[in-house]
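J.: Residue numbers (the numbering used here), protein chains in the order written: chain A, 8 to 107; chain B, -14 to 140.
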Amino acid sequence: MKDSEIDDLLRSASEPISLPDSFRRGVWQRIEAAELARPSAAEWLRAPLRWLLQPWAGAVSVAAAVAIGLGLGAIFPSGSRDAEANYFRSINPFETHEAR
Amino acid sequence: MRKAVLIALLSLVAGILSFQGMRGCRPDLAKDVLLDDMPELAWLRQDLKLSEEQFRRVAELHERYRPQCVDMCQRIATARGRVDALLRGGHGVTPELEVAMHELARVRADCRLAMLRHLYETAAMLDDRQAARYLQALLPHVAESGSAAEAGHPH
Chain A
8 MKDSEIDDLL RSASEPISLP DSFRRGVWQR IEAAELARPS AAEWLRAPLR
58 WLLQPWAGAV SVAAAVAIGL GLGAIFPSGS RDAEANYFRS INPFETHEAR
Chain B
-14 MRKAVLIALL SLVAGILSFQ GMRGCRPDLA KDVLLDDMPE LAWLRQDLKL
36 SEEQFRRVAE LHERYRPQCV DMCQRIATAR GRVDALLRGG HGVTPELEVA
86 MHELARVRAD CRLAMLRHLY ETAAMLDDRQ AARYLQALLP HVAESGSAAE
136 AGHPH
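#1: Would you say G0 of chain B and I75 of chain A are within 7 Å of each other, going by their C-beta atoms?
#2: For M100 of chain B, does the count of other Cβ atoms within 10 angstroms reach 16, so buried, or fall short, so exposed?
#3: Pop quiz: F101 of chain A and C96 of chain B are said to be a contact at Cβ under 8 Å. What is the actual Cβ separation, rounded to whole angstroms?
#4: If contact is defined by three or more beta carbon pairs under 8 Å, each pair taking one atom from either stretch, is the region -14 to -6 of chain B in contact with the region 39 to 47 of chain B?
#5: So what's D89 of chain A in DSSP terms, helix, strand or just coil?
#6: Run the CB neighbour count on M8 of chain A, radius 10 Å, all protein chains shown included, and call it buried at 16 or more, exposed below.
#7: Please confirm if L79 of chain A has its CB atom under 7 Å from at least one CB of chain B.
#8: Please list the residues of the region 38 to 60 of chain A that have a C-beta atom closer than 9 Å to any C-beta atom in chain B, keeping them in chain order.
#9: Give the residues of chain B in contact with S33 of chain A, contact being defined as C-beta atoms less than 8 Å apart.
#10: Could you please give the first and the last residue of the uninterrupted alpha helix (DSSP H) stretch that includes T107 of chain B?
#11: Secondary structure at E25 of chain B, three-state DSSP: helix, strand or coil?
#12: Have a look at E42 of chain A and Q36 of chain A and give me their C-alpha separation to the nearest angstrom.
#13: With 7 Å set as the bound, which would you pick, yes or no: does the beta-carbon of I75 of chain A sit closer than that to a beta-carbon of chain B?
#14: Assuming L111 of chain B contacts Y105 of chain B under a Cβ cut-off of 8 Å, what Cβ separation, rounded to an integer in Å, is found between them?
#15: Which residue wins for smallest C-alpha separation from R60 of chain B, given the options B:R8, B:L89 and B:M23?
#16: Would you please state the rounded distance, in angstroms, between the beta carbons of A85 of chain B and V68 of chain B? I believe it to be under 8 Å.
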């Protein structure tokens, strides 16, 4: 059998497939649902901001920021290394002493 | 949404101000008369958290050590000046230079020992935890002290 004959035979054997309308609709619905479920980058930002619009959230947010700031400030006091160096300089005769 | 952004910014500013305020705030030091005279002792007061009594005794010891420290500083400067003058003379390794070099080394060793003695005397006035922290912070500096100046001199 020649190739052209095989092609003719295959063509004659194929039947048009008819899909039900509900199938096509279902596919599109699934695609839309998947897109809605995956939030965009802007949505990630908008979500906490939306949370802040609740009546009590503003006060909670400021209070939390103040508490975190105070905590970190207590853990990392300013100039600790400088103060240590100043003290050592004051007892180190190898440093030039200013007239007291 | 603009209101939410404002609240977020307000929270951020409040957090930063609290952090800065807490870092700089030392209410226990504000009315310390001894620290007005000897601000260099602030580290002992703040980081080692000395009691009033401990701080008073440490400050007295420090006050007594001050003139001794100034005297040692002058002795080092004099001995170093003599070595520098002989080196500038360019007469090679003369017996005078040898004596001056040995004298400088002896003065430096004396000064380091005196500083070490002061550190241990101060540590003896602290409790174990404070003393450990005090010595751990300062002893490494003692070994290094003066080495930069020595490195500047040709051997």
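Ideal placement from N, C-alpha and C gives every residue a C-beta, glycine not left out. Values in this document were obtained by computation on a predicted structure and should not be read as measured data.
T.: Per the coordinate set shown:
#1: Numbered from its first residue, the second sequence carries residue 0 of chain B at position 15. Numbered from its first residue, the first sequence carries residue 75 of chain A at position 68. Going by beta carbons, G0 of chain B and I75 of chain A fall inside the 7 Å limit.
#2: As a working mapping, residue 100 of chain B is identified with position 115 in the second sequence. M100 of chain B should be labelled buried.
#3: Within the first sequence, residue 101 of chain A is the residue found at index 94, counting from 1. Within the second sequence, residue 96 of chain B is the residue found at index 111, counting from 1. Right, their Cβ atoms sit about 7 Å apart.
#4: The region 39 to 47 of chain B, when compared against the region -14 to -6 of chain B, does not touch it at the 8 Å Cβ threshold.
#5: As a first step, residue 89 of chain A must be located in the first sequence, where it is residue number 82. Correct three-state label for D89 of chain A: helix.
#6: For the purposes of this step, residue 8 of chain A is taken as residue 1 along the first sequence, with counting starting at 1. Counting Cβ neighbours within 10 Å, M8 of chain A comes out exposed, since fewer than 16 surround it.
#7: Along the first sequence, read from residue 1 onward, the residue named residue 79 of chain A stands at position 72. It does: the Cβ of L79 of chain A has a partner Cβ on chain B nearer than 7 Å.
#8: R53, P55, L56, R57, W58, L59 and L60
#9: Position 26 of the first sequence, counted from the first residue, corresponds to residue 33 of chain A. For the record, residue 33 of chain A in the displayed sequence is Gly; it is not Ser. Ordered by position in chain B, no residue passes the 8 Å Cβ test against G33 of chain A, which lies about 36 Å from the chain.
#10: By one-based count along the second sequence, residue 107 of chain B stands at place 122. Start and end: P80 to A108.
#11: Position 40 of the second sequence holds residue 25 of chain B. Three-state DSSP puts E25 of chain B in a helix.
#12: Within the first sequence, residue 42 of chain A is the residue found at index 35, counting from 1. Within the first sequence, residue 36 of chain A is the residue found at index 29, counting from 1. Those two C-alpha atoms are separated by around 10 Å.
#13: For the purposes of this step, residue 75 of chain A is identified with residue 68 of the first sequence, where counting begins at 1. Output row for I75 of chain A: interface = yes.
#14: For this step, residue 111 of chain B is matched to residue 126 along the second sequence. For this step, residue 105 of chain B is matched to residue 120 along the second sequence. Not confirmed; about 11 Å, so no contact.
#15: The sequence position of residue 60 of chain B within the second sequence is 75, counting from 1. R60 of chain B has its Cα closest to that of B:L89, out of B:R8, B:L89 and B:M23.
#16: Walking along the second sequence from the start, residue 85 of chain B turns up at place 100. Walking along the second sequence from the start, residue 68 of chain B turns up at place 83. Rounded, the Cβ-Cβ distance is 5 Å, consistent with contact.
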